[in-house]
Amino acid sequence: MWTQENRCHYDRGHLRYPSDLTDEEWAAVAPEIPPAKPGGNKRTVDIRNVLNGLMYLLSTGCQWDAIPKDLPPKSTVRDYFDRWSDDRTLERIHHTLYMKCRELAGREVSPTAAVIDSQSVKSAEKGGYALIRTGMTPGKRSKGRSGISSSIPRG
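Pasting the structure below:
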């Protein structure tokens with residue numbers, strides 16, 4: 000239920016965009032972001048701002064070209080998105096936030112139960128997409144008549 004203290008805690012009006020990370024949120028995810036690679040140029044971009052750009056994209060569903068000008072350029076945000084997807088940084092951030100949500104809800108950090116329905120079991124038995132050889136499967140043709148039809152009866 001919304002109380003005055005809850006409203007204050009979840010108010011995002013002081014942020015530039017509602018999707019921007021608060022200081023508390025940034026403190027939770029910052030340790031998961033890898034440092035700059037050694038030996039290269041120093042990192043000149045504000046990583047928190049890059050993550051704010053990604054959060055803006057995710058929350059608004061906008062196109063890459065529609066990233067506001069006060070966030071890093073789309074090429075920078077896209078580069079970090081690709082890099083963090085490849086090295087699983089985004090997955091680690093998600094896992095960290097997932098565990099924190101479970102803790103706040105008073106649950107154990109890792110779930111102790113799972114639900115498997117019969118449809119999931121059937122698809123798992125087949126092996127999923129890895130065993131489907133689409134490149135080697137011949138195309139199927141219709142067994143019906145030609146696609147050309149005529150309303151004039153043949154005599």
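0 is the number of the first residue of the sequence shown in numbering that gives the first Met the number 0; add one for each residue after it.
The C-beta atom is built at its ideal place from N, Cα and C for all residues, glycine as well.
Buried or exposed: which applies to residue i, given that a residue is buried once 16 or more other Cβ atoms fall within 10 Å of its Cβ?
i	result
residue 92	buried
residue 19	buried
residue 83	buried
residue 13	exposed
residue 115	exposed
residue 57	exposed
residue 38	exposed
residue 108	exposed
residue 40	exposed
residue 52	buried
residue 50	buried
Residue i by DSSP, collapsed to three states: which one?
i	result
residue 14	coil
residue 40	coil
residue 148	With a pLDDT of 49 at residue 148, under the threshold of 50, the modelled position of this residue cannot be trusted, and the question is left open.
residue 30	helix
residue 95	helix
residue 46	helix
residue 19	coil
residue 106	coil
residue 2	coil
Kindly give me the distance between the Cβ atoms of residue i and residue j, rounded to whole angstroms, as I take these residues to be in contact under 8 Å.
i	j	result
residue 27	residue 96	7 Å
residue 33	residue 86	7 Å
residue 55	residue 16	6 Å
residue 63	residue 47	With 8 Å as the limit, residue 63 and residue 47 do not qualify as a contact, their Cβ atoms being about 20 Å apart.
Anyone know if the C-beta pair for residue i and residue j falls short of 8 Å?
i	j	result
residue 31	residue 88	yes
Please go through the region 49-89 and give each complete alpha helix (DSSP H) segment of 4 or more residues, from N-terminal end onward. 73-85
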